[in-house]
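A.B. asks: As numbered in our numbering, residues 9 to 71 make up the sequence shown, in order. Glycine included, C-beta positions come from ideal geometry on N, C-alpha and C. Structure below; questions to follow.
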Amino acid sequence: MGEELQMARSEEEGQPVLLSIISMSLYHRFIAESLDAQNRLSSLHLVITVVAFLSIYCSFTAR
């Protein structure tokens with residue numbers, strides 16, 4: 009019974025990381041589509057992508 013509770017807790021803690029990874033992949037796809045339309049903003053999109061990925065990575069490793 010205690011092991012099931014621990015597994016449920018670890019699954020709950022893992023959900024925000026999974027959601028952030030999913031949202032990051034969707035955001036990256038949005039960036040790729042907008043890059044085709046506007047190449048002049050490519051450097052800005054790249055910087056935003058890197059910053060978002062680093063913030064997700066830091067929040068993941070901080071646990």
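How many angstroms separate the CA atom of S63 from the CA atom of S31?
C.D. replies: Locating residue 63 in the sequence shown gives position 55, counting from the first residue. Locating residue 31 in the sequence shown gives position 23, counting from the first residue. Computed Cα separation, rounded: 13 Å.
A.B. asks: When the Cα atoms are used, what is the spatial distance from T57 to R37?
C.D. replies: Counting from 1 along the sequence shown, the entry for residue 57 is found at position 49. Counting from 1 along the sequence shown, the entry for residue 37 is found at position 29. Those two C-alpha atoms are separated by around 11 Å.
A.B. asks: Would you identify the three-state DSSP class for A40, choosing helix, strand or coil?
C.D. replies: Locating residue 40 in the sequence shown gives position 32, counting from the first residue. It is helical.
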